[in-house]
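Below is one structure, written out as structure tokens; comments come after it.
There are 2 protein chains.
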Amino acid sequence: MSAEWIAVDWGTTHLRAWIFEGENTPAHSLSSTDGMGSLDHDGFEPALLKLISPHLGDAPTPVICCGMVGARQGWIEAPYAKVPGSPPNARGAARLVAQDPRLDVRILPGMSQAKPADVMRGEETQIAGYLAAHPNFDGVLCLPGTHSKWAHISAGEVVSFRTFMTGEMFALLSKNSVLRHGMAGDGWDDAAFSAAVDDMISRPQSLGSDLFSLRAEGLLNGLSSDSARARLSGLLIGLELAAARPYWLGQAVALIGNDTLASRYAAALAGQGVVAQMLDADAMTLAGLCSAHKTLKEI
Amino acid sequence: MSAEWIAVDWGTTHLRAWIFEGENTPAHSLSSTDGMGSLDHDGFEPALLKLISPHLGDAPTPVICCGMVGARQGWIEAPYAKVPGSPPNARGAARLVAQDPRLDVRILPGMSQAKPADVMRGEETQIAGYLAAHPNFDGVLCLPGTHSKWAHISAGEVVSFRTFMTGEMFALLSKNSVLRHGMAGDGWDDAAFSAAVDDMISRPQSLGSDLFSLRAEGLLNGLSSDSARARLSGLLIGLELAAARPYWLGQAVALIGNDTLASRYAAALAGQGVVAQMLDADAMTLAGLCSAHKTLKEI
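In structure tokens form, the structure reads like this:
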């Protein structure tokens with residue numbers, strides 16, 4: 001049976017596709033490591049076909065994509081939609097003429113904000129997915145990740161947003177800096193995490209010296225790698241919460257992320273008295289692509 | 300002519316030696332890339348001999364070393380001297396029995412602080428060099444670098460110190476993060492640097508989002524790589540100054556560093572109304588090793 005349409009989440013490191021044969025739930029879920037970051041301009045169509053061609057019929061099949069595939073270095077550039085504004089749907093998508101006539105590719109744009117300058121690609125589709133199920137939401141969405149996003153949502157629009165390099169800094173510091181010597185394994189220490197979040201909320205300027213203290217505590221006092229890793233995470237997430245305070249203070253907050261990381265943000269927010277709703281990032285991406293598919297049919 | 304004694308600065312990435320044939324100034328200055336980080340335990344003596352053996356006579360020659368060579372993963376561990384206390388001299392050095400009888404090796408220890416936990420190896424010798432020329436100094440020494448140090452000095456002792464990962468974070472973010480895309484070349488922008496320092500002094504918690512703004516400003520507004528690099532440096536040095544304020548506020552400050560980096564710290568401090576004395580880091584290292592040599596003769 002061939003696909004009615006195909007939803008695609010195409011990020012820097014991964015390509016994922018969901019094959020829809022009927023209306024509501026995907027019949028197949030596929031993925032590869034052909035991320036945008038590893039592809040030349042001519043590599044996108046073959047990478048996509050490698051994954052989905054068994055599911056293509058003779059007629060053109062709508063393929064709705066989100067993520068870095070629409071960046072300047074992607075397949076084709078899908079210019080940013082503006083903030084404040086609604087997350088983009090199929091009307092704002094870039095349409096692509098593929099070599100293979102069985103493909104009818106639409107690439108959803110990201111969103112940009114003029115001041116402070118900021119951009120997102122992929123998260124806007126998760127936001128659209130959340131809004132499809134919560135059209136009257138007025139509050140704040142937090143999307144933890146390599147580049148965490150905080151977005152203020154009102155009346156179906158993204159009113160403002162900010163990006164934080166928290167996840168990328170954690171990866172660099174834990175794997176590539178002098179701190180890597182004290183971070184073996186993958187254990188955790190809840191108390192060390194919470195204390196570090198509190199430290200940053202009250203003294204954010206201490207980040208630079210608090211980071212090196214992880215090394216010194218390891219050398220002088222045998223700080224465990226579990227505690228060091230949890231404390232590093234707490235320092236960086238705490239710094240993010242300190243800066244994002246205008247977003248979460250007194251607001252309804254929903255967290256869209258993967259289980260482990262989102263639960264750490266939830267714990268950090270709980271320490272500040274904020275109880276956040278938690279939602280799965282993949283489910284929101286898929287819901288956002290489905291929402292775009294609905295608007296495609298209305299064009 | 301053979302050496303009377305040899306001064307050695309042995310860090311993670313470099314080995315440097317100064318050959319003294321008389322008393323006061325070195326007759327030769329030598330260096331190699333046989334840093335401590337690239338050597339096994341058995342590699343230290345051959346690396347040293349490769350550099351200095353032409354200068355050794357038949358009698359044992361004192362070789363006074365400072366830096367990471369005395370760390371746990373170094374040649375032999377020279378246990379930390381305690382803060383508060385004087386920077387270590389030859390009396391506190393670890394003595395090493397080398398295979399080659401022409402070597403009489405002494406390794407100066409670093410210093411450690413119990414609370415907040417902190418360590419230095421190498422900078423204590425620069426501090427000793429500064430104190431040799433300024434024995435009555437009461438104030439603050441700032442030693443910019445991969446791991447910048449701020450030390451409060453009084454009555455010939457290091458009263459307290461803190462380490463900041465500023466230089467290492469700059470290297471990671473400018474070379475290994477998403478920000479590398481906007482940092483080509485090696486130009487500079489004074490105004491962008493100063494504005495970033497001011498931003499961090501007034502709002503240190505914004506670091507995470509201010510970092511990603513460099514990327515967004517590049518994508519949306521064509522921020523130049525010169526401005527982006529200077530702004531990144533200003534954000535990180537500004538965060539350090541915000542945390543080190545108790546060190547520099549109302550104090551006599553001397554900067555010990557290399558020309559370019561130290562001049563950036565001087566500019567940042569000048570923006571806060573602090574005029575810092577500037578001293579060359581290599582000259583201070585050599586002065587510290589000479590000071591240790593004097594105490595060796597008194598043992």
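Read top to bottom, the protein sequences are chains A and B.
When the letters of the first sequence are read in order and numbered with the numbering used here, they come out as residues 1 to 299.
When the letters of the second sequence are read in order and numbered with the numbering used here, they come out as residues 300 to 598.
Glycine included, C-beta positions come from ideal geometry on N, C-alpha and C.
Query raised in the report: What in chain A is Cβ-close to residue 541 of chain B, meaning under 8 Å?
Result: By Cβ distance, chain A contributes 205.
Query - Presumed contact (8 Å Cβ cut-off) between residue 463 of chain B and residue 539 of chain B, rounded CB distance - result: Going by Cβ atoms, the distance from residue 463 of chain B to residue 539 of chain B rounds to 5 Å, so yes, they are a contact pair.
Query raised in the report: Quick one, are the C-beta atoms of residue 191 of chain A and residue 505 of chain B less than 8 Å apart?
Result: Cβ atoms of residue 191 of chain A and residue 505 of chain B: not closer than 8 Å.
Query - Top-ranked residue by Cα proximity to residue 485 of chain B, from B:300, B:493, B:470 and B:499 - result: Measuring from the Cα of residue 485 of chain B, the nearest candidate turns out to be B:470.
**Report entry** Contacting positions in the region 195 to 227 of chain A - beta carbon closer than 7 Å to chain B
**Finding:** Under the 7 Å Cβ criterion, the region 195 to 227 of chain A contributes 204, 205, 206, 207, 208, 209, 211, 212, 213, 216, 217, 219, 220 and 221.
Requested in this report: Output, in chain order, the set of chain B residues within a Cβ distance shorter than 7 Å of residue 164 of chain A.
Outcome: Scanning chain B for C-beta atoms nearer than 7 Å to the C-beta of residue 164 of chain A yields 507, 508 and 511, reported in chain order.
Query raised in the report: Hey, quick one: how far does the beta strand (DSSP E) through residue 10 of chain A stretch, first residue to last?
Result: From DSSP, the beta strand (DSSP E) with residue 10 of chain A extends over 5 to 10.
Query raised in the report: Considering only C-alpha positions, which residue in the set B:556, B:465 and B:488 is nearest to residue 529 of chain B?
Result: The residue with the shortest Cα to Cα distance from residue 529 of chain B is B:488.
Report task. Could you run through the region 454 to 481 of chain B and flag, in chain order, every residue whose CB is less than 7 Å away from some CB of chain A? Result -> Only those residues of the region 454 to 481 of chain B whose C-beta falls short of 7 Å from the nearest C-beta of chain A are listed: 461, 462, 463, 464, 465, 467, 471, 475, 476 and 477.
Query - Endpoints, the alpha helix (DSSP H) within which residue 588 of chain B is located - result: Per DSSP, residue 588 of chain B belongs to the alpha helix (DSSP H) from 580 to 597.
Query raised in the report: Taking Cβ to Cβ, would you say residue 157 of chain A is nearer than 8 Å to residue 84 of chain A?
Result: In this structure, residue 84 of chain A lies closer than 8 Å to residue 157 of chain A by Cβ.
Query raised in the report: Is residue 105 of chain A close to chain B, meaning its C-beta is less than 8 Å from at least one C-beta of that chain?
Result: Closer than 8 Å: no.
Query raised in the report: Is the CB-CB distance between residue 388 of chain B and residue 594 of chain B below 8 Å?
Result: Remark: C-beta atoms of residue 388 of chain B and residue 594 of chain B approach each other more closely than 8 Å.
Query - Delimiting residues of the alpha helix (DSSP H) encompassing residue 126 of chain A - result: First-last of the alpha helix (DSSP H) with residue 126 of chain A: 123 to 133.
**Report entry** chain A residues whose Cβ lies nearer than 8 Å to that of residue 582 of chain B
**Finding:** Chain A residues near residue 582 of chain B: none, gap ~26 Å exceeds 8 Å.
**Report entry** the region 271 to 287 of chain A / the region 126 to 146 of chain A touching (three or more Cβ pairs under 8 Å)
**Finding:** These segments touch.
Query raised in the report: Listed from N- to C-terminal order along the chain, which residues in the region 527 to 558 of chain B have their beta-carbon within a distance smaller than 7 Å of any beta-carbon of chain A?
Result: Here the close residues are 538, 539, 541 and 542.
Query raised in the report: residue 47 of chain A and residue 15 of chain A look like a contact to me (Cβ under 8 Å); what is the Cβ gap, rounded to whole Å?
Result: Approximately 6 Å separates the beta-carbon atoms of residue 47 of chain A and residue 15 of chain A; this is inside 8 Å, confirming the contact.
Query - Reference residue 135 of chain A, options A:258, A:298, A:291 and A:35, closest by Cα - result: Selected option, being the one with the closest Cα: A:291.
Query raised in the report: Which class does residue 525 of chain B belong to by DSSP, given the choice of helix, strand or coil?
Result: In the structure shown, residue 525 of chain B sits in a helix (DSSP, three-state: H, G or I).
Report task. For residue 261 of chain A, collect the residues of the same chain with a Cβ closer than 6 Å to its Cβ; drop the 5 residues on either side in sequence, then sort them by chain order. Result -> Result list for residue 261 of chain A: 144, in chain order.
Report task. For residue 117 of chain A, return the contacting residues in chain B, with the cut-off set at a CB-CB distance below 7 Å. Result -> Near residue 117 of chain A (Cβ distances below 7 Å), the residues of chain B are 512, 515, 516, 519 and 520.
Report task. Can you say whether residue 337 of chain B is buried or exposed, counting buried as having 16 or more other CB atoms within 10 angstroms of its CB? Result -> Its Cβ having fewer than 16 others within 10 Å, residue 337 of chain B is exposed.
Requested in this report: Quick one: grab the DSSP three-state call for residue 61 of chain A.
Outcome: Three-state DSSP puts residue 61 of chain A in a strand.
Requested in this report: Could you work out which residues of chain B lie near residue 303 of chain A, taking near to mean beta carbons separated by less than 7 Å?
Outcome: The structure shown does not extend to residue 303 of chain A, since chain A spans only 1 to 299, so no value can be given for it.
**Report entry** residue 403 of chain B to residue 375 of chain B span [Cα, whole Å]
**Finding:** So the two alpha carbons sit approximately 14 Å from each other.
Query raised in the report: How long is the line joining the alpha carbons of residue 220 of chain A and residue 380 of chain B, rounded to whole angstroms?
Result: Straight through space, the alpha carbons of residue 380 of chain B and residue 220 of chain A are spaced by roughly 12 Å.
Query raised in the report: residue 576 of chain B by DSSP, collapsed to three states: which one?
Result: Secondary structure at residue 576 of chain B: strand, using DSSP grouped into helix, strand and coil.
Query raised in the report: Using 8 Å as the threshold, is the region 523 to 537 of chain B in touch with the region 400 to 414 of chain B, meaning 3 or more CB pairs across them?
Result: No, because fewer than three Cβ pairs between the region 523 to 537 of chain B and the region 400 to 414 of chain B fall closer than 8 Å, the two stretches do not touch.
Query raised in the report: Are there 16 or more other CB atoms within 10 angstroms of the CB of residue 437 of chain B, so buried, or fewer, so exposed?
Result: Taking a 10 Å sphere around the C-beta of residue 437 of chain B, we find fewer than 16 other C-beta atoms and assign the residue as exposed.
Report task. Assign residue 305 of chain A to one of two classes, buried (16 or more other C-beta atoms within 10 Å of its C-beta) or exposed (fewer than that). Result -> Absent from the model: residue 305 of chain A. The displayed extent of chain A is 1 to 299, so no value can be given.
Query raised in the report: Along the chain, where does the beta strand (DSSP E) that runs through residue 85 of chain A open and close?
Result: Residue 85 of chain A -> no beta strand (DSSP E), and no H or E assigned at all.
Query raised in the report: Across which residues does DSSP place residue 257 of chain A in a beta bridge pair?
Result: DSSP output for residue 257 of chain A lists A:280 as bridge partner(s).
Requested in this report: Closer than 9 Å by beta-carbon distance: list the chain A residues that pair up with residue 337 of chain B, in chain order.
Outcome: What residue 337 of chain B touches in chain A: nothing, since even the nearest Cβ is about 16 Å away.
Requested in this report: Could you confirm whether any beta carbon from chain A is found closer than 8 Å to the beta carbon of residue 411 of chain B?
Outcome: Yes - at least one Cβ of chain A is within 8 Å of the one on residue 411 of chain B.
Report task. Can you have a look at residue 153 of chain A and say buried or exposed, based on whether 16 or more other CB atoms are within 10 angstroms of its CB? Result -> By the neighbour-count rule (16 or more Cβ atoms within 10 Å), residue 153 of chain A is buried.
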